[in-house]
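Residue numbers (the working numbering): 152 to 434.
Structure follows, in structure tokens:
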């Protein structure tokens, strides 16, 4: 059977569902030999790999408020990203203070992207905090990170659910948790809406009363389309043994203040695959 690998995908606040997945796997005594994470999945995976109890992992997230989200996205004094990431780094410090990859109790790899070459980068040595900060650096939103001489950004750009990396690390059974929204889930939020005023670009069109979606909605929908296409292509090359997809259609990428609900969605989805997973492990 080989090693049991856990793959945690990207997804911002929706990635809190990974905590629920871990709670169920732990409750069912499913051993985890290695973890691979991308973006938010890298954060949750690294904290768990350090050996921090799950109740201690979820508590700080449960205390997050709308205000925290707003202050975390404070504009950065750079032109390479809207957010400097200082609040994020302070949050990472809570869990990963002075933690090196060699200190982790479970083998762990974070996935990131070289923004200059488009190359996938595997982060598995040195400062875990810096690696996670790099893996979570969504372009335009967060300022990129200099990592070993490379300019590094979010791993979800190249591998939002890095099942292939878990296989390369020797996993015979792979449990994957995918939390990115499918484009159709967000369709209602970006539909053109009729209004009684004209948009500037179409001021000369008498019959134009359409309001376009705002920039934030367009950005996250574009990200959803891109990552889902990569996800689908990657699945054709490397399938997980079990795929967990929590129902998160009602949650936005910045809904950190809804941690309890998101975590419970992860639990429910994980519980639904336990019979199939145990059958694989018993076989």
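Where is the CB? At the ideal position from N, CA and C, for every residue including glycine. All values derive from a computational prediction rather than experimental measurement.
- Of the other Cβ atoms in all chains shown, 16 or more fall within 10 Å of the Cβ of residue 328; this residue is therefore buried.
- Secondary-structure assignment with DSSP links residue 305 through a beta bridge to 263.
- Under the three-state reduction of DSSP, residue 413 is assigned to helix.
- Per DSSP, the unbroken alpha helix (DSSP H) holding residue 206 starts and ends at 205-213.
- A Cβ-Cβ separation of about 7 angstroms places residue 385 in contact with residue 312 under the 8 angstroms criterion.
- As computed with DSSP, residue 269 is found in no beta bridge at all.
- Taking C-beta separations shorter than 6 angstroms and ignoring five residues to either side along the sequence, the partners of residue 275 in its chain run 252, 260, following chain order.
- The secondary-structure analysis by DSSP pairs residue 297 across a beta bridge with 302.
- Here the alpha carbons of residue 266 and residue 291 stand approximately 11 angstroms from one another.
- Sequence-distant partners of residue 398 (beyond 5 residues in either direction) whose C-beta falls short of 8 angstroms from its own C-beta, in its chain, are 416, 419, 420.
- Annotated as distal: residue 269 and residue 189, with beta-carbon spacing of 9 angstroms or more.
- Under the DSSP assignment, residue 172 falls in the alpha helix (DSSP H) whose first and last residues are 168-178.
- The secondary-structure analysis by DSSP pairs residue 154 across a beta bridge with 322.
- Residue pairing of residue 389 in beta bridges, as defined by DSSP: absent, with no partner found.
- Secondary structure note for residue 194: its alpha helix (DSSP H) is the uninterrupted segment 191-200.
- Residue 250 and residue 157 have their C-alpha atoms spaced approximately 21 angstroms apart.
- In this structure the segment 189-202 does not lie against the segment 291-300, because fewer than three pairs of beta carbons, one per stretch, are closer than 8 angstroms.
- A Cβ-Cβ contact shorter than 9 angstroms links residue 303 with residue 285.
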